[in-house]
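Take any residue in the sequence shown, count from 1 to its spot, add 438: that is its number in my numbering.
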Amino acid sequence: MRANGGWTVSQDNERVADALRLVAGTANPALAQMVATELGTQCVSSRLERFPDGELRPTVGGVRGADVYIIQPTGPPVSDNLVELLLLIDACRRAGAERVTAVVPYFCYARQDRRSSAGDAVGAKVVADVIAAAGADRLVVVDPHTAALEAMFAIPVEMLTAVPILARAITSVLPADAVVVAPDLGATKLAEHYASLLHLPVAVVRKSRVSGATVHAEELVGDVAGRATVIVDDMISTGGTIEAAVRVVTAYGAVPEVVVVATHGLFVGPAAERLRQPGLRRLVVTDSTAVSDGLELPIHVQSIAGLLADAVGRLHRREPLDELLIRA
């Protein structure tokens with residue numbers, strides 16, 4: 439057995455049959471290459487041509503009759519990365535792939551899982567439909583924003599979780615009396631999962647969202663006075679939710695050295711400025727999306743390459759993924 443990013447990978451993955459093929463999209467080729475290394479293989483040849491008007495033209499080779507896994511998170515720039523994924527799926531189908539699995543560690547539009555007014559679109563359902571229509575046989579995601587994602591797809595969806603990897607990564611930096619904090623009610627179940635692994639209590643911030651980039655934190659349910667806190671969420675986008683949660687826990691007397699953990703670190707818009715505050719000690723995210731080196735934040739990246747390789751190997755061998763999946 440050997441480990442990557444805290445996740446133990448079976449040596450069976452090194453003996454995956456030749457019929458397995460990995461295709462790396464351009465959203466995070468480093469992650470795809472690490473997955474290939476874990477599986478003892480290489481990504482097949484592919485290239486992406488960009489026309490002057492913005493059109494994308496991906497080309498793949500060597501996938502005829504193969505079990506193909508396309509690794510392409512759909513983080514920023516979302517539209518380009520999503521369209522590239524769709525075209526890669528179609529290219530593999532037209533090149534004769536026997537089965538195509540879209541491995542999308544970060545799944546875009548998952549926050550748009552319902553309408554808040556009559557004129558809204560349900561973006562998650564639209565993306566689900568086009569991925570299936572492009573020819574994918576299965577989808578693999580990591581800690582999606584909504585558990586309802588699976589019900590929106592006409593194809594099987596495997597929802598992996600990076601929570602055990604991240605929990606192990608912060609064990610050594612948390613005191614025994616720390617508190618796990620959910621930054622809003624929607625993250626309560628996630629916080630309870632972390633708390634069960636870390637053997638810590640849970641507190642919850644109540645917030646209201648003003649806009650897609652602005653939130654207002656109102657109060658805290660739980661006791662954090664004089665204690666270290668770890669704020670957990672599935673993703674950090676503009677940093678508004680985390681910024682508000684840090685202010686609330688410090689206002690309620692928490693030790694002003696907050697640890698923040700999230701599976702997906704997008705860090706877009708004002709995120710870097712918002713998260714440069716004295717009370718924030720450490721930011722821990724995975725490499726589900728490529729994280730910029732120039733953010734000047736205390737970011738620690740944990741790899742999910744081992745998790746993805748384990749899942750791909752098991753799917754290829756038709757083995758269950760039970761212990762890799764999000765808990766019901």
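The C-beta atom is built at its ideal place from N, Cα and C for all residues, glycine as well.
Quick one: grab the DSSP three-state call for residue i.
i: C546; result: coil
i: L577; result: strand
i: W445; result: The predicted position of W445 is uncertain, since its pLDDT is 45 and thus under 50; no value can be drawn from it.
i: H702; result: strand
i: A600; result: coil
i: A462; result: strand
i: V693; result: coil
i: T512; result: coil
i: T539; result: strand
i: R712; result: helix
i: V684; result: helix
i: T679; result: helix
i: R606; result: helix
i: V560; result: coil
i: R755; result: coil
i: R532; result: helix
i: L733; result: coil
i: I764; result: coil
i: I593; result: coil
i: I527; result: helix
i: I674; result: strand
i: M439; result: Since pLDDT at M439 reaches only 41, below the 50 mark, its modelled position is unreliable, and the value read off the structure follows with that caveat. Here M439 sits in coil by DSSP.
Can you tell which of the options has its C-alpha closest to the C-alpha of residue i?
i: R712; options: D731, T679, L612 and G691; result: T679
i: T676; options: S634, V706 and V506; result: V706
i: D672; options: G534, T701 and N519; result: T701
i: E695; options: Q715, G703 and L704; result: Q715
i: T479; options: A465, V461, P490 and E493; result: V461
i: R495; options: C530, F591 and E656; result: C530
i: P582; options: I674, L733 and V722; result: I674
i: D491; options: A633, L753 and D518; result: D518
i: S730; options: L704, I569, G717 and R720; result: L704
i: G500; options: L753, R485, V722 and L745; result: R485
i: A566; options: V579, T609, S555 and D558; result: V579
i: A666; options: V611, V659 and A625; result: V611
i: E487; options: C481, G463 and E476; result: G463
i: V506; options: G534, E630 and E596; result: G534
i: V564; options: S554, F591 and T584; result: F591
i: A562; options: L587, R459 and A556; result: L587
i: T475; options: L762, P758 and L745; result: L745
i: V699; options: A468, L458, P621 and V516; result: P621
i: L753; options: V595, L718, G503 and R765; result: V595
i: A683; options: V693, I669 and G691; result: I669
i: L469; options: E761, R765 and A743; result: A743
i: A504; options: V568, E536, D528 and F489; result: E536
i: T539; options: S555, T584 and I593; result: I593
i: A709; options: G732, V693 and V643; result: G732
Please classify residue i as buried or exposed, where buried requires at least 16 other C-beta atoms within 10 Å of its C-beta.
i: T688; result: buried
i: D748; result: buried
i: E681; result: buried
i: A589; result: exposed
i: H637; result: exposed
i: V750; result: buried
i: R756; result: exposed
i: A548; result: buried
i: S741; result: buried
i: L763; result: exposed
i: L623; result: exposed
i: R459; result: buried
i: A629; result: buried
i: V659; result: exposed
i: T609; result: exposed
i: T497; result: exposed
i: A457; result: exposed
i: A556; result: exposed
Closer than 8 Å is the cut-off here; do at least three beta carbon pairs connect the region 496–512 with the region 536–556?
yes
Within the region 610–672, ranges of the alpha helix (DSSP H) (whole runs, at least 4 residues)
626–636
Three or more C-beta pairs below 8 Å linking the region 593–610 and the region 713–729:
yes
Taking one C-beta from the region 613–620 and one from the region 732–752 each time, how about it: are there three or more such pairs within less than 8 Å?
no
Only counting runs of 3 or more residues, tell me where the beta strand (DSSP E) segments fall wholly within the region 472–505, in order along the chain.
484–488 and 494–498
So, do the region 569–580 and the region 520–540 have three or more beta carbon pairs nearer to each other than 8 Å?
yes
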